[in-house]
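*Asks:* Take 1262 as the starting number for the sequence shown in the numbering used here and just add one per residue. All residues carry an ideal CB built from backbone N, CA and C; glycine is no exception. Before anything else, here's the structure in question.
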Amino acid sequence: MTEFAERVQRVKPSFTLEMTSRAAELRAQGVDVINFSAGQPDFNTPENIREAAKTAMDNGETKYTAGSGTIELRQAVCTKLKRENQLEVSPERVLISNGEKQSLYLACQTLFQSGDEVLIFKPYWVSFPEFVTLSDATPILIDTDSKNNFEPDFENLKSKITDKVKGIIINSPSNPTGSVWSDEIIINLLGLAKENSWTVISDECYERLVFEGEFTSAQKLSDDHHIGANIITCMSMSKTYAMTGWRIGYAFGEKSIIKAMGKIQGQATSCANAIGQAASVEALIGDQSTVEMMIGKFRERRDLMVSLLNELPGITCDTPGGAFYAFPDFSAYIGKSFRGEKIDDSFVLSDVILNEAKVVTVPGDGFGAPGHIRFSYPLAKNVIREGILRVKKVLEQLN
Ligand code: GLU
């Protein structure tokens, strides 16, 4: 039996991807599955973006690109950052990766090592602690207040500051809670980061999916308030442009950090997929009207999902301000039983819902939030209605 490296034992599998795979397997077996697991829109990628990919292939843009991304795409990212985020960024401060997930992973590989600590807020996207673990550093989990928009518990944060802390990961709008932190909170966090010389990794994957008010990038807040925090911002093509399978994301920040991230990427994957990069140029600088349409649909679906969840006995679900996740509290059902099987935690509950109702969700325990379950809702309204009805029928059988 081959002996694996110790890091394989240390790292946990991705629950989000695991649940997505289970949904795909069941569907392949012909099971009528409703999939609230994957964080991805049900829309196809907009036509102008698909056309740009076809043209790129026909024009022979099928070769390796520069390791850090084509100059056209890095320039398009800069144009987008100026247009939407009022940020002046030059192309050498941009790295194009195989999905934003790789940008985040590379940032951790570049900045952290054994003996370092990195602050992460609970509930966290399943991959944050694992990125830190894979860099040999230690994730330090910070509490948030579930009754108050999952805002950071600053007392808890301050009690965990040591001189080993090298970085902090923030993610607003948040996966899995959908909560959008106020500018004031982000400004306070950036101030603490500056004071303690931490690098901030800001995952702004859901920056366009904000349903009330305006989103301001952490870098813009740092500039406007003269904080001078060291921020690596990571953004994604996946959610905004319904491009999850294309695997294109990007990071921008201090030039030397971006260059170091690019050095690791060059050895790991050479460059991001060339056709996806060409399509992403069109996504960023072409017609944006489909994005507006999709955001409008997500808002309607959010309202439906939240109202249906709140109608379930014993369930409370706050209205998330962004992303496309609802994160209701199912703790009223933890400790009950289903046909003699005790529901010990959200893993078991999510499993019972899957087996009985063929509805796929992601258990909150996977995000460090026991009692909660994540529902990804960018699905047609009739699918949402049917899915929640099925969940209701399962809950009625618990005692
Ligand atoms: N970020 C998405 C999710 O949370 C995609 C899956 C993943 O890479 O985690 O569902």
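When you compare the CB positions of G1360 and Q1538, do they come within less than 8 Å of one another, or not?
*Replies:* Residue 1360 sits at position 99 when you count from the first residue of the sequence shown. Residue 1538 sits at position 277 when you count from the first residue of the sequence shown. No, they are not a contact pair.
*Asks:* Tell me, to the nearest whole angstrom, how far the beta carbon of V1379 is from that of P1400; I am working on the premise that it is less than 8 Å.
*Replies:* What you label residue 1379 is simply residue 118 of the sequence shown in a count that begins at 1. What you label residue 1400 is simply residue 139 of the sequence shown in a count that begins at 1. 6 Å between Cβ atoms; contact.
*Asks:* Under 7 Å from any heavy atom of the ligand GLU, does the C-beta of K1362 make it?
*Replies:* On the sequence shown, position 101 is the one that residue 1362 refers to. Yes, the beta carbon of K1362 sits closer than 7 Å to at least one heavy atom of the ligand GLU.
*Asks:* Taking 7 Å as the line, does the beta carbon of L1278 fall inside it for any heavy atom of the ligand GLU?
*Replies:* Within the sequence shown, residue 1278 is the residue found at index 17, counting from 1. Checking every heavy atom of the ligand GLU against the Cβ of L1278, one is found closer than 7 Å.
*Asks:* Any heavy atom of the ligand GLU inside 7 Å of the beta-carbon of S1388?
*Replies:* Position 127 of the sequence shown holds residue 1388. Because some heavy atom of the ligand GLU lies under 7 Å away, the Cβ of S1388 counts as near it: yes.
*Asks:* Here's the rule: buried if 16 or more other CB atoms are within 10 angstroms of the residue's CB, otherwise exposed. What is N1346?
*Replies:* Residue mapping note: residue 1346 aligns to position 85 of the sequence shown, counting from 1. Buried: at least 16 other Cβ atoms inside 10 Å.
*Asks:* Quick check on the DSSP output: the beta strand (DSSP E) that includes Y1511 runs from which residue to which?
*Replies:* Residue mapping note: residue 1511 aligns to position 250 of the sequence shown, counting from 1. Its beta strand (DSSP E) spans residues G1510 to F1513.
*Asks:* What are the start and end residues of the beta strand (DSSP E) that includes V1379?
*Replies:* In the sequence shown, residue 1379 corresponds to position 118, counting from 1. Its beta strand (DSSP E) spans residues E1378 to F1382.
*Asks:* Indicate whether S1607 and F1297 have their beta-carbon atoms separated by less than 8 Å.
*Replies:* Within the sequence shown, the letter at position 346 stands for residue 1607. Within the sequence shown, the letter at position 36 stands for residue 1297. Cβ atoms of S1607 and F1297: not closer than 8 Å.
*Asks:* Name the two residues that bound the continuous beta strand (DSSP E) containing N1491.
*Replies:* The count along the sequence shown starts at 1 and reaches residue 1491 at position 230. Note, N1491: beta strand (DSSP E), N1491 to S1497.
*Asks:* If you measure between the beta carbons of A1398 and D1377, is that distance less than 8 Å?
*Replies:* By one-based count along the sequence shown, residue 1398 stands at place 137. By one-based count along the sequence shown, residue 1377 stands at place 116. Cβ distance < 8 Å, so A1398 and D1377 count as in contact.
*Asks:* Between G1582, V1623 and S1592, which has its C-alpha nearest L1656's C-alpha?
*Replies:* For the purposes of this step, residue 1656 is identified with residue 395 of the sequence shown, where counting begins at 1. Among G1582, V1623 and S1592, the Cα nearest to that of L1656 is on S1592.
*Asks:* Return yes when the Cβ of M1504 is within less than 8 Å of the Cβ of A1544, no when it is not.
*Replies:* Working through the sequence shown from its first residue, we reach residue 1544 at position 283. Working through the sequence shown from its first residue, we reach residue 1504 at position 243. Yes, these two residues count as a Cβ contact at 8 Å.
*Asks:* According to the Cβ coordinates, are W1507 and N1436 closer than 8 Å?
*Replies:* Along the sequence shown, one-based indexing puts residue 1507 at 246. Along the sequence shown, one-based indexing puts residue 1436 at 175. No.
*Asks:* What separation, rounded to the nearest whole angstrom, lies between the Cα atoms of Q1370 and A1630?
*Replies:* The residue you call residue 1370 lines up with position 109 of the sequence shown. The residue you call residue 1630 lines up with position 369 of the sequence shown. Between Q1370 and A1630, the C-alpha separation is close to 26 Å.
*Asks:* L1402 by DSSP, collapsed to three states: which one?
*Replies:* Numbered from 1 along the sequence shown, position 141 holds the residue referred to as residue 1402. In the structure shown, L1402 sits in a strand (DSSP, three-state: E or B).
*Asks:* Roughly how many angstroms lie between the CA atoms of A1641 and E1264, to the nearest whole one?
*Replies:* Sequence index remark: in the sequence shown, residue 1641 carries index 380 (1-based). Sequence index remark: in the sequence shown, residue 1264 carries index 3 (1-based). Cα to Cα, A1641 sits roughly 46 Å from E1264.
*Asks:* Helix, strand or coil: which one does DSSP assign to D1464?
*Replies:* By one-based count along the sequence shown, residue 1464 stands at place 203. D1464 falls in the strand class under three-state DSSP.
*Asks:* Please find out if some non-hydrogen atom of the ligand GLU comes closer than 7 Å to the beta-carbon of N1436.
*Replies:* Locating residue 1436 in the sequence shown gives position 175, counting from the first residue. Yes.
*Asks:* Determine, using beta carbons only, whether S1358 and A1512 come nearer to each other than 8 Å.
*Replies:* Position 97 of the sequence shown, counting from 1, holds the residue named residue 1358. Position 251 of the sequence shown, counting from 1, holds the residue named residue 1512. Yes. Within cutoff.
*Asks:* So what's I1431 in DSSP terms, helix, strand or just coil?
*Replies:* Within the sequence shown, the letter at position 170 stands for residue 1431. I1431 falls in the strand class under three-state DSSP.
*Asks:* Where does the unbroken alpha helix (DSSP H) through F1636 begin, and where does it stop?
*Replies:* As a position in the sequence shown, residue 1636 is number 375, starting the count at 1. Note, F1636: premise wrong, no alpha helix (DSSP H); beta strand (DSSP E) at I1634 to S1637.
*Asks:* Here's a check: name, in chain order, each residue in its chain whose Cβ is nearer than 7 Å to the Cβ of T1494, leaving out the five neighbours to either side.
*Replies:* In the sequence shown, residue 1494 corresponds to position 233, counting from 1. Correct list, in chain order: S1463, E1465, S1478, A1479, Q1480, A1512, F1513 and G1514.
*Asks:* Residues bridged to L1348 by DSSP?
*Replies:* For the purposes of this step, residue 1348 is taken as residue 87 along the sequence shown, with counting starting at 1. Paired residues: none, contrary to the question.
*Asks:* If you run the structure through DSSP and keep just helix, strand and coil, what is N1296?
*Replies:* For the purposes of this step, residue 1296 is taken as the residue at position 35 of the sequence shown. N1296: strand per DSSP, three-state reduction.
*Asks:* Give every residue of the same chain whose Cβ lies closer than 7 Å to the Cβ of I1614, excluding the five residues on either side of it in the sequence, and list them in chain order.
*Replies:* Stepping through the sequence shown from its first residue, residue 1614 is reached at position 353. Same-chain partners within the cutoff: V1620, T1622, V1652 and V1655.
*Asks:* Identify, in the order they occur along the chain, each residue of the same chain with its Cβ nearer than 7 Å to the Cβ of F1304, setting aside the five sequence neighbours on each side.
*Replies:* The residue labelled residue 1304 in the question sits at position 43 within the sequence shown. Counting only Cβ-Cβ distances below 7 Å, and skipping sequence neighbours, we find A1503 and M1555.
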